[in-house]
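Single-structure report; data block below.
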Amino acid sequence: MKEKWTRNEAKNLLLILAGNTIYALAVTMFILPDHLITGGTTGLALFFYHQFGLPIQIFVSVFNLMMFLLGAAVLGKKFAVTTVVSTFYYPFILSVFQRFPTLGRMTEDKLLAVIFAGLFIGAGIGIVLRAGASTGGMDI
Numbered sequence: 002m003k004e005k006w007t008r009n010e011a012k013n014l015l016l017i018l019a020g021n022t023i024y025a026l027a028v029t030m031f032i033l034p035d036h037l038i039t040g041g042t043t044g045l046a047l048f049f050y051h052q053f054g055l056p057i058q059i060f061v062s063v064f065n066l067m068m069f070l071l072g073a074a075v076l077g078k079k080f081a082v083t084t085v086v087s088t089f090y091y092p093f094i095l096s097v098f099q100r101f102p103t104l105g106r107m108t109e110d111k112l113l114a115v116i117f118a119g120l121f122i123g124a125g126i127g128i129v130l131r132a133g134a135s136t137g138g139m140d141i
C-alpha cells in the first residue's frame, strides 16, 4: 500500500535540500577558492593519503559505505533514505554553484574565509541533522 507524504516529511525534505545547498555554497565561496581543508571523512582521507599513499576516493568511498550501512542499521530506513538524498543532492548542487565564477573568492582574507566557511557549513549540516538526515560520512 502506498503511503502519502505527510506535511512534516515534505518539510524535512526541503530542510535537507536547504542545508545541503548552504553547505555547497560554503565550499564554493570559501573552501575551494581559499584552498582550505575541511575535517571529517575528507580530512581523514587526506591524512591516510599522505601517510600511506591510500587514494582519497578509495578511502572516502569505503568509509562512507561503512558509515551508511551502520547508520541504516542503527537509525533505520527513513534515515537511510534521507541520507541518500543528501549524498546525491550535495555533489549536484555543488557542481551547479561551481559554474558561477562570481560565487568564488568572496574575500581575500583567509581568516574571514575560515570564519564564514565554518558558519555556513555548521548551519548547513545542522539543518540537515535537525531534519533527521545526514550529509554522509562522519555526520552519520
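So the sequence shown is residues 2 to 141, counted in the numbering used here. A virtual CB, placed ideally from N, CA and C, is assigned to each residue, including glycine.
- Rounded to the nearest whole angstrom, the CA to CA distance from Phe-93 to Asp-110 is 28 Å.
- In terms of Cβ geometry, Leu-47 and Ile-38 form a close pair [threshold 8 Å].
- For His-51, the enclosing alpha helix (DSSP H) begins and ends at 41–53.
- Three or more Cβ pairs drawn from the segment 12–31 and the segment 112–122 lie within less than 8 Å of each other, which places the two stretches in contact.
- Taking the Cβ atoms as the reference, Phe-80 lies roughly 18 Å from Gly-125, outside the contact range of under 8 Å.
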